[in-house]
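>
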Amino acid sequence: MKTQFSKLVLASVSTLAIIIVFAFSVPQQKAAAPWTIPAKYKSMKNPIPGKNVDTGKSLYSKYCKTCHGALGKGDSPRSKTLKTNCGDFSSAKFQGQSDGEIYYEAIVGRTEMPNFEKKILSENDRWALINYMRTLKK
Numbered sequence: 137m138k139t140q141f142s143k144l145v146l147a148s149v150s151t152l153a154i155i156i157v158f159a160f161s162v163p164q165q166k167a168a169a170p171w172t173i174p175a176k177y178k179s180m181k182n183p184i185p186g187k188n189v190d191t192g193k194s195l196y197s198k199y200c201k202t203c204h205g206a207l208g209k210g211d212s213p214r215s216k217t218l219k220t221n222c223g224d225f226s227s228a229k230f231q232g233q234s235d236g237e238i239y240y241e242a243i244v245g246r247t248e249m250p251n252f253e254k255k256i257l258s259e260n261d262r263w264a265l266i267n268y269m270r271t272l273k274k
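Under this note's numbering, the first residue of the sequence shown carries the number 137, and numbering increases by one thereafter.
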């Protein structure tokens with residue numbers, strides 16, 4: 137009986153040690169630095185506000201969902217492997233940006249956020265993506 141108890145305690149301690157080591161070895165995400173958005177984009181106007189949302193949803197599924205998640209909350213399994221938190225598109229902070237600011241972030245990108253200028257060639261498709269992202273509100 138004493139041997140079984142010793143084995144149980146040893147197994148429990150070993151399991152706890154593994155959990156602790158794993159918890160500290162998972163990289164911690166940091167908050168993304170504020171974007172520096174050129175004035176050209178800040179004042180950019182959406183030529184098709186609210187239109188082509190289905191096209192935007194399709195593009196979102198193809199290019200964005202992997203990291204940003206189905207609802208744009210930045211909660212996909214892939215997002216947890218990134219160095220920085222990829223944010224929440226449903227947040228008031230994100231939705232409070234101008235369409236041009238979102239365009240810059242989504243299409244031009246930076247660091248871990250890739251550039252999509254050569255992948256989404258059509259200007260209408262780019263704006264359709266922005267229009268879809270606008271639907272991801274809380």
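Beta carbons are placed, not taken as given, at the ideal position from N, Cα and C, and that holds for glycine.
How many Å lie between SER212 and LYS219 at the Cα?
The straight-line gap from Cα to Cα measures roughly 14 Å.
> Could you check which residue in ALA168, SER234, GLU248 and TYR196 has the C-alpha nearest to that of PRO185?
Measuring from the Cα of PRO185, the nearest candidate turns out to be SER234.
> Any contact of the stretch 265 to 272 with the stretch 193 to 201, i.e. 3+ C-beta pairs under 8 Å?
yes
> What does a CB cutoff of less than 7 Å around TYR177 pick up in its chain, not counting 5 residues either side in sequence?
Result list for TYR177: GLY236, GLU237, TYR239 and TYR240, in chain order.
> Would you list the one or two residues that DSSP bridges to LYS166?
THR220
> Going by DSSP, which residues form a beta bridge with ARG246?
MET249
> For LYS94 versus SER226, is the C-beta distance shorter than 8 Å?
Outside the displayed range of the chain (137 to 274) lies residue 94, so it cannot be described from this structure.
> Nearest-angstrom Cα distance between THR172 and ARG270?
21 Å
> Among the residues of its own chain, which have a CB less than 7 Å from the CB of ALA168, if the five just before and after it don't count?
THR220, ASN221 and GLY223
> Considering Cα atoms alone, identify which of THR191, VAL244 and ALA228 is closest to LYS254.
Of all alpha-carbon atoms in THR191, VAL244 and ALA228, the one lying nearest the alpha-carbon of LYS254 is that of VAL244.
> Is ASN182 helix, strand or coil when you go by DSSP?
coil
> Which of helix, strand or coil does DSSP assign to ASP211?
coil
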